[in-house]
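Residue numbering for the sequence shown follows full-length UniProt numbering, starting at 1 and increasing by one per position. C-beta: ideal position from N, C-alpha, C; glycine also. Notes for the one structure printed next.
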Amino acid sequence: MTTVCSSVPAGSIRHPWVSTTSMWPPPPHAAVAVTNVTDYCVDEVSDHAVGFILDWTRGITVFDRDVTAGSWNPAGAQLKRLRDRTIGIVGLGRIGRATASKLAAFGCQILVHTTTPDGTAGVEFVSLQKLLFSSDVVVLHAPLSSRTHHLIDAQHLSFMRSDALLVNVSRGGLIDTEALVAALKAGHLAGVALDVLDEKPDVDPYVCSHPRVVITPHVAFSSDASVTELRTKAAEDVVRALAGQPPHYPCNTTSLTHPTTLEEAR
Numbered sequence: 001m002t003t004v005c006s007s008v009p010a011g012s013i014r015h016p017w018v019s020t021t022s023m024w025p026p027p028p029h030a031a032v033a034v035t036n037v038t039d040y041c042v043d044e045v046s047d048h049a050v051g052f053i054l055d056w057t058r059g060i061t062v063f064d065r066d067v068t069a070g071s072w073n074p075a076g077a078q079l080k081r082l083r084d085r086t087i088g089i090v091g092l093g094r095i096g097r098a099t100a101s102k103l104a105a106f107g108c109q110i111l112v113h114t115t116t117p118d119g120t121a122g123v124e125f126v127s128l129q130k131l132l133f134s135s136d137v138v139v140l141h142a143p144l145s146s147r148t149h150h151l152i153d154a155q156h157l158s159f160m161r162s163d164a165l166l167v168n169v170s171r172g173g174l175i176d177t178e179a180l181v182a183a184l185k186a187g188h189l190a191g192v193a194l195d196v197l198d199e200k201p202d203v204d205p206y207v208c209s210h211p212r213v214v215i216t217p218h219v220a221f222s223s224d225a226s227v228t229e230l231r232t233k234a235a236e237d238v239v240r241a242l243a244g245q246p247p248h249y250p251c252n253t254t255s256l257t258h259p260t261t262l263e264e265a266r
């Protein structure tokens, strides 16, 4: 009996571990549809980015640490009005747009750098260098690729304002960790908020212990609703592939000319 793999669902927005052209030699006359659910956690990741920014402007984590350590000093607060901040967003896909929309509701000025600028209202498209120079907060929403690996390196960190916040809720490899450590040691950047790391789950000890750094363990995508949506949509695409129907979330252009039906799979 020959087992035919008709569908490979990737349980994430991006699928760096899947090659859609050379996964393996499939069985004769078999087609392999690779799918990935691209829209299941737009709300969650954009909420997380905004949450990081609010945490920084209102000093929530900093004050929590102080109070836990026995310090009660409200007079020492140096907080910021979010409406007065300029937010730079690198990457304007679904999540980047959602983040921009939410921050625009606070009254922020929104700068965007993307390889495919469009007619999105309420944002100003600028070069990466101008975005870094001009932004109080830089939010990374770009995908990780050979072109964007270590996009935020020593040079680009030096372009950022010394009183700025850097937020990464996309992929850890977008930031050069060694360059980030050097910037923090030099007193550059007022804050760093990371949900992803270059070498997760290993956290650079200096970054992990730095008082101006907040880290969450790659949970920006997560909620009860998003995980249920991901699993449901991934399973539905497997069922469609087994039934010889095109998936809703195709990664490749494979046509299931010889589908394995549900009856044949039993």
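Residues bridged to residue i (per DSSP)
i    : result
H149 : BP columns for H149 are empty, so no partner.
T168 : Per the sequence shown, the amino acid found at residue 168 is Asn instead of Thr. Per DSSP, L140, L194.
P250 : T35
V112 : I89, F125
Presumed contact (8 Å Cβ cut-off) between residue i and residue j, rounded CB distance
i           : j    : result
V181        : D204 : 6 Å
V138        : V123 : That pair is no contact at about 14 Å.
residue 307 : V90  : The question about residue 307 has no answer, for the chain in this structure spans 1 to 266.
R171        : L144 : 4 Å
L166        : V196 : Their Cβ separation, rounded to whole angstroms, is 12 Å, which puts L166 and V196 out of contact at 8 Å.
V37         : K233 : 5 Å
N73         : D66  : 7 Å
L82         : C108 : 7 Å
Residue i in three-state terms, based on DSSP
i    : result
G173 : helix
V213 : strand
G191 : strand
H48  : helix
V181 : helix
W72  : coil
C41  : coil
T99  : helix
F133 : helix
T120 : coil
D64  : helix
H156 : helix
K200 : coil
D163 : coil
S226 : helix
L79  : coil
Cβ shell of residue i (< 6 Å), same chain only, five flanking positions each side left out
i    : result
C41  : F221, S226
F125 : V112, P117
I60  : none
D176 : H150, D153
A69  : none
7 Å CB neighbourhood of residue i in its chain, flanking five on each side removed
i    : result
A49  : T99, V139, V167, V169
A164 : S135, D136, V137, V138, L189, A190
T148 : A142, L174
R97  : T120
Nonlocal neighbours in the same chain, by C-beta distance under 8 Å from residue i, ignoring five residues either side
i    : result
Y206 : V181, L184, K185
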